[in-house]
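Protein chains in written order, with the working numbering: chain A, 1 to 413; chain B, 1001 to 1206.
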Amino acid sequence: MQRGATRKFSTTPGTRDILPPESTRLLDVQAKILERFRLHGFREVITPALEYSEVIEEPRLRDASFKLFDPDNQMLLLRPEMTTPIARLVAQRLRNAPTPHKLSYGLPVYRRTGVGHGQSAEFHQVGVEVVGSTSLGEDAGAIALLIETLESVGLRAPRDFVLVLGQSAFYEGYLRRIAPEAASELLVALAAKDLVRVDEISAGVANEASGVREIPRLVGPATDASILERAARYAEGEAAAALENLRGILAHLNAGGHLPSVMLDLGLIGRHNYYTGAVYEVYAAGLGFTVANGGRYDNLLRRFGELLPATGFAISLERLLSVLPHEGPAPLLVLVGSTVEATRLAAELRSSGVPVLHLAEDLTPEAAVGYARSVDASWICYPAPEGLKLAPTEPGGEFEPILAEKVAGMVLS
Amino acid sequence: MPKGAIFDDALSALGGAGLPVEVLRENGRRLFYQAEDTEFIVSRPSDVPVFVEHGAADVGIVGKDVLEEQRPNVMELRDLGTGACRMILAAPRERADEVQRAISHAEVVRVATKFPNTARGYFASLGRQAEIIELHGSVELAPLVGLSECIVDLTATGTTLHENDLVILDEITRSTARLIANRGSYRLRHEEVAALLDAIHGSPHG
């Protein structure tokens, strides 16, 4: 009984409380990312955490979702991702607005699978969707925005991360032409990243179809022209159009100087039957999972009665945070004192730009320093005649008298 | 590197590809070795995909049986052709007919196994019902002491089955050792992974 009772006060498996400084960092990075999105004209939307279960169609995502029932006994899901809710939002709310819709979001999503496999039941996704344009310039624009965003939070390519780019229509187009009977099975195997199975199936198709084995193995830096040259051998019909699309995207990326961050992988096709063109994943050094992924999915909105092409990406915020360089705490000054003068000083210091935590109690310096360290404040001060006395909270810090107007120079430097 | 049955084959495959595997031949209990630029992790076969999926290891060698059971999100690159074994359904000799009949009549049978997902999938694909009992070792014991009617397990030579007087009712899949890679490592360290793939001996397909 005792054990059961304690358990109720823990968080549920796969979820957690996020405390400072991690929580402030998470919100800071999210704000920085959304600010970057705004520089590209993306506007944020907020959708409900709950959706009718019919909204999410993909079996894998439905299985992954937490489910509950509303008062009418309709099955609801906690959203397992953001792309489908945004597709629903566009189809329902923006039907008559001019396209393309450039929308962004930064919200938690929920999945019950993956708990116990290094994944959380609740995690934050920050991303963009461009809905209503088939232009490859929008694909390239989204990719460039993703690279710039990662750079803006302190990552450098290729040292810290690489964006792996594929074109799912290339392999599919090649297969539909050269080995139509085996195409579906091959695509399932490749989506499962099972190159052994691809080889086994390819042994059963015509000899001249060497691309069945070779295309999934075309991997290399985007600056290496030989990858596309080798791919060109298999480019006919739909595959040729797909390769042309990829070349176009690379030309746009090159114009922005983004090519060194990009790696080509023509075996990358993403989830089965989901992406219809460009598809990409971001990997960071030292992390086995994707930090971000995205691509073009022109068929997703058809379900909602709209024929709207779409492209976009989502960044997994917690994973991104785990690979960001460490940053020291933001400046903070703890001002100790219960007097009216202390309150007046706190206001004066804040108006000079200093972040001040006013501790309205009369604590001893030892206790106050202990408190200040617990909230990651690097400075502490007391009101004193002619201003105040200030000390750093690091060990051995000494109080020195200082004028209020000089504090900003010390604390913010 | 997987401990156990496929360890030696894995060792010769990697050694043949030019990796400094000699350090692993010492008969110690160490689980982590370093030689030249390569670090080796030695683990239970069923943990190999976990190390690789999380990126703690860039590449790993593990049986297809483990991949089928766990379905990890990793790149499966090469069939090494070694460590061949079969996933089978088996029952005690004197009760084999009875179990066979129970399964064909869609009665619920109790199945002991170390591979619950594989066993569940197998019975579901037949449209038959099974109550899965997950064990972590010596599955052969289960039908002998009445814990289950039959077992789903891996066998290479059939010796253990024979010694416990179990007969094979059906073969579910065949399995060989696979070279797997982390999705990120496969791209971030693609040159090294590709070089290893070129150097390693594989099955006729590979």
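Glycine included, C-beta positions come from ideal geometry on N, C-alpha and C. For clarity, every value in this text was computed on a predicted model and none was experimentally measured.
Cβ neighbour criterion (16 or more within 10 Å) applied to residue i
i: residue 237(A); result: exposed
i: residue 307(A); result: exposed
i: residue 1060(B); result: buried
i: residue 8(A); result: exposed
i: residue 282(A); result: buried
i: residue 46(A); result: exposed
i: residue 75(A); result: exposed
i: residue 203(A); result: exposed
i: residue 1206(B); result: Note that residue 1206(B) has pLDDT 38, beneath the 50 cutoff, so the model's placement of it is unreliable and the number below is only indicative. Flag for residue 1206(B) reads buried.
i: residue 37(A); result: buried
i: residue 258(A); result: buried
i: residue 293(A); result: buried
i: residue 1106(B); result: exposed
i: residue 351(A); result: exposed
i: residue 1198(B); result: exposed
i: residue 1065(B); result: buried
i: residue 1097(B); result: exposed
i: residue 1069(B); result: buried
i: residue 70(A); result: exposed
i: residue 59(A); result: exposed
i: residue 20(A); result: exposed
Whether residue i touches residue j by CB criterion (8 Å)
i: residue 52(A); j: residue 80(A); result: no
i: residue 92(A); j: residue 107(A); result: no
i: residue 341(A); j: residue 383(A); result: yes
i: residue 100(A); j: residue 148(A); result: no
i: residue 1085(B); j: residue 1154(B); result: yes
i: residue 266(A); j: residue 371(A); result: no
i: residue 1099(B); j: residue 1149(B); result: yes
i: residue 66(A); j: residue 25(A); result: no
i: residue 317(A); j: residue 84(A); result: no
i: residue 412(A); j: residue 400(A); result: no
i: residue 1200(B); j: residue 1081(B); result: no
i: residue 131(A); j: residue 310(A); result: yes
i: residue 146(A); j: residue 161(A); result: no
i: residue 331(A); j: residue 374(A); result: no
i: residue 104(A); j: residue 34(A); result: yes
i: residue 1045(B); j: residue 1004(B); result: yes
i: residue 334(A); j: residue 359(A); result: yes
i: residue 1118(B); j: residue 1087(B); result: yes
i: residue 312(A); j: residue 142(A); result: yes
i: residue 269(A); j: residue 166(A); result: yes
i: residue 1083(B); j: residue 1151(B); result: no
Sheet register partners of residue i (DSSP bridge)
i: residue 1026(B); result: None; residue 1026(B) has no bridge partner.
i: residue 1004(B); result: For residue 1004(B), which the question treats as bridged, DSSP gives no partner whatsoever.
i: residue 316(A); result: 125(A)
i: residue 1039(B); result: 1034(B)
i: residue 119(A); result: 115(A)
i: residue 1108(B); result: Paired residue(s): none; residue 1108(B) is not in a bridge.
i: residue 33(A); result: Paired residues: none, contrary to the question.
i: residue 382(A); result: 389(A)
i: residue 1153(B); result: 1088(B)
i: residue 67(A); result: 77(A)
Nearest-angstrom beta carbon gap, residue j and residue i [assumed within contact, 8 Å]
i: residue 279(A); j: residue 168(A); result: 5 Å
i: residue 196(A); j: residue 216(A); result: Incorrect: roughly 11 Å between the Cβ atoms, too far for contact.
i: residue 264(A); j: residue 222(A); result: 5 Å
i: residue 415(A); j: residue 288(A); result: In this structure chain A extends from 1 to 413, so residue 415(A) is not present and cannot be described.
i: residue 1090(B); j: residue 1172(B); result: 11 Å between Cβ atoms; not a contact.
i: residue 1002(B); j: residue 1062(B); result: 6 Å
i: residue 182(A); j: residue 205(A); result: 5 Å
i: residue 1120(B); j: residue 1133(B); result: Between residue 1133(B) and residue 1120(B) the Cβ distance is about 12 Å, and since that is not below 8 Å, they are no contact.
i: residue 32(A); j: residue 152(A); result: 7 Å
i: residue 191(A); j: residue 252(A); result: At roughly 27 Å, the Cβ-Cβ gap does not stay under 8 Å, so residue 191(A) and residue 252(A) are not in contact.
i: residue 1181(B); j: residue 1193(B); result: 6 Å
i: residue 1092(B); j: residue 1170(B); result: 15 Å between Cβ atoms; not a contact.
i: residue 973(B); j: residue 1109(B); result: A query on residue 973(B) cannot be resolved here, the shown segment of chain B reaching from 1001 to 1206 and no further.
i: residue 1179(B); j: residue 1077(B); result: 5 Å
Chain-ordered neighbours of residue i on chain E, where CB pairs are closer than 8 Å
i: residue 220(A); result: Among the chains of the structure shown, chain E does not appear; the protein chains present are A and B.
Quick one: which residues of the segment 65-95 of chain A get their C-beta closer than 9 Å to a C-beta of chain B? List them in chain order. Taking 9 Å as the Cβ-Cβ cut-off against chain B, none of the residues of the segment 65-95 of chain A qualify.
Using a beta-carbon distance cut-off of less than 7 Å, what residues from the segment 266-288 of chain A approach chain B? Within the segment 266-288 of chain A, the residues whose Cβ lies closer than 7 Å to some Cβ of chain B are 283, 285, 287 and 288, listed in chain order.
Return the residues of the segment 170-204 of chain A that lie within a Cβ-Cβ distance of less than 7 Å from chain B, sorted by chain order. The segment 170-204 of chain A vs chain B, Cβ under 7 Å: 193, 194, 195, 196, 199, 200 and 203.
Could you list the residues in the segment 235-267 of chain A with a C-beta less than 8 Å from some C-beta on chain B, going in chain order? For the segment 235-267 of chain A, which is checked against every Cβ of chain B, the residues closer than 8 Å are 263 and 265.
Quick one, which residues of the segment 138-168 of chain A are near chain B if we go by CB-CB under 7 Å, in chain order? The segment 138-168 of chain A vs chain B, Cβ under 7 Å: 162 and 164.
Positions along the segment 1071-1085 of chain B whose CB lies within less than 9 Å of some CB in chain A: Here the close residues are 1071, 1072, 1073, 1074, 1075, 1076, 1077, 1078 and 1079.
Under 7 Å, CB to CB, which of the residues in the segment 1135-1147 of chain B have a partner in chain A? Listed in sequence order: no entries.
Got a sec: which bits of the segment 1096-1124 of chain B sit with their beta carbon under 7 Å from any beta carbon on chain A, in order along the chain? Against chain A - using a Cβ distance shorter than 7 Å - the segment 1096-1124 of chain B contributes no residues.
Against chain B, which members of the segment 104-119 of chain A pass a CB distance test of less than 9 Å? Along the segment 104-119 of chain A, going in chain order, the ones with a CB nearer than 9 Å to a CB of chain B are 117 and 118.
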